[in-house]
Structures are given as C-alpha cells and as structure tokens.
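Everything in the sequence shown is counted per the working numbering, starting at 1 for the first residue and increasing by one.
Beta carbons are placed, not taken as given, at the ideal position from N, Cα and C, and that holds for glycine.
Quantities reported herein were computed from a predicted structural model and do not represent experimental measurements.
What follows is one structure encoded as structure tokens, with my remarks underneath.
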Amino acid sequence: MSRWLSELAANVPEYSIMEIAKYASAYRAEDMVYLNIGEPDFDTPGYIREKAIEAIQSGKTHYTPDSGIVELREAIAKKLRLENNLNYSVDDITVVSGSQEGISVVTQALLNHGDEVILSDPYYPSYTQNIWLRGAKPVFVPLRAENGFQMMAEDVEKAVTDKTKAIVIVSPNNPTGGVQSLEQLKAIAEIAIKHDL
C-alpha cells in the first residue's frame with residue numbers, strides 16, 4: 001500500500017465498470033451501443049447547446065450558490081409538488097453536478113465508520129465505493145427475475161441490524177432496469193420508519 005493513500009482508499013475494490021470500459025474501447029464499432037458507463041449514443045441536442053452558449057455569452061460563468069441556482073431549485077420543488085405530490089421547500093433541495101457527486105455528498109453526510117447500508121445486488125458500483133470510503137459496510141439484498149428485479153421488503157427486513165443506517169433504493173434499478181412497485185416502496189418505507197432509518 002502506498003503511504004500516500006488512506007487505508008480506506010487503498011482497500012476499496014477496483015471500479016468494475018471502468019475495467020469493462022477499457023475492454024469495450026478496444027472493440028469500438030460504428031453501430032455498437034455501449035451500455036457499460038451510460039454514455040449517450042447521440043450528441044447533445046441543439047437547443048441545449050444553444051442555451052449553454054447563451055449562458056456563456058451572457059456572463060453566467062461564475063460559481064453558483066452552494067445549493068444550486070435558486071430558480072432551478074424552485075423549478076425542482078414545483079415539479080416534485082405537481083408530478084409527485086411531494087412538498088419540499090427550496091431550502092430542502094441541493095443541486096449536484098451528477099450522480100457521482102450526489103452519492104458522495106450523501107454518504108459523507110450520513111455515514112460513520114461501522115455503519116451498514118442496505119442496497120440491491122446487482123448494484124451500481126459507485127454506491128459501494130462511497131460506502132467503503134466512509135468506513136461503512138454495504139449489505140446486499142438480492143434482486144430476482146421472478147420479482148421483476150425489485151428490492152423486496154421481506155429481504156430488506158431480514159437485512160436490517162442495529163448497525164443499519166440507510167436503505168438505498170434505485171428505481172429504475174441500475175443495472176437491471178427493474179422498477180419498484182408502489183406496494184414495495186410503501187412496505188420498505190414502513191421498515192425504514194420502524195427502524196428509524
């Protein structure tokens with residue numbers, strides 16, 4: 001182990017998706033769709049490029065507030081209220097630059113050394129990487145084809161211990177694409193409330 005790396009960082013397993021990406025890049029083909037790292041197979045749409053250029057030309061090239069641009073957070077709160085029947089204030093919403101940063105920020109804020117986090121297997125490797133980097137432990141519940149690759153409440157209940165700090169639910173699941181039913185989401189939410197997670 002390098003003396004420059006922390007023990008936690010040195011012992012985090014290699015990010016398997018990046019290993020797959022190395023092999024995939026050796027076989028690049030014009031008509032191949034790469035499903036290994038979520039790289040879109042299309043260019044950024046013109047209207048988005050135009051808005052980005054417009055923002056640059058109008059001087060919007062500085063840091064934003066830590067929690068994100070207020071107008072964006074207001075739009076997110078409105079979307080959550082109108083489409084999801086969830087009432088959050090602008091102060092409850094933080095905008096991050098992508099899933100990697102979001103996962104990192106949440107695990108830093110929530111996890112202590114020795115905590116356990118329940119997540120599905122198969123899983124998106126960034127979750128486990130960040131859990132290990134906090135000195136916490138991932139606890140896996142299996143996703144099964146016969147259940148539509150959903151995280152099942154009875155499996156979650158069996159996985160809860162006195163060290164459990166959180167349950168990660170990804171729907172649609174990455175990498176299976178399984179979508180949680182409302183029934184399973186409610187059952188898992190009841191488990192989280194019961195165990196104060």
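Would I118 pass as a contact of V156 if the rule is Cβ separation under 7 Å?
-> With respect to the 7 Å criterion, I118 and V156 are classified as neighbours on the basis of their beta carbons.
Out of K194, E154, V141, which has the shortest C-alpha to C-alpha gap to V170?
-> Comparing Cα positions, the closest option is V141.
Proximal residues to Y23 (C-beta, below 7 Å), its chain only, five neighbours per side dropped = Nothing listed; no residue qualifies.
How would you write the range of the beta strand (DSSP E) that S120 sits in, first residue to last?
-> From DSSP, the beta strand (DSSP E) with S120 extends over 116-121.
Euclidean distance between Cα positions of G98 and T107 = About 14 Å.
Same chain, Cβ closer than 7 Å to L8, five either side skipped, listed in chain order | Listed in chain order, the non-local C-beta contacts of L8 below 7 Å within the same chain comprise W132, L133, G135, local neighbours out to five positions each way being set aside.
With a Cβ-Cβ cutoff of 7 Å, do I69 and I93 count as a contact?
-> Contact flag unset, no.
Coarse secondary structure for V170, derived from DSSP in three states = In this structure, V170 counts as coil in the three-state DSSP scheme.
Have a look at P40, S181, R73 and flag the residue whose alpha-carbon is nearest the alpha-carbon of V96.
-> V96 has its Cα closest to that of R73, out of P40, S181, R73.
Take Y127 as the anchor and find which of V12, G178, R3, L5 has the nearest alpha-carbon.
-> If we check each option's Cα against that of Y127, V12 comes out closest.
Best match in Q100, V105, N147, G102 for proximity to S120 [C-alpha to C-alpha] | Among Q100, V105, N147, G102, the Cα nearest to that of S120 is on N147.
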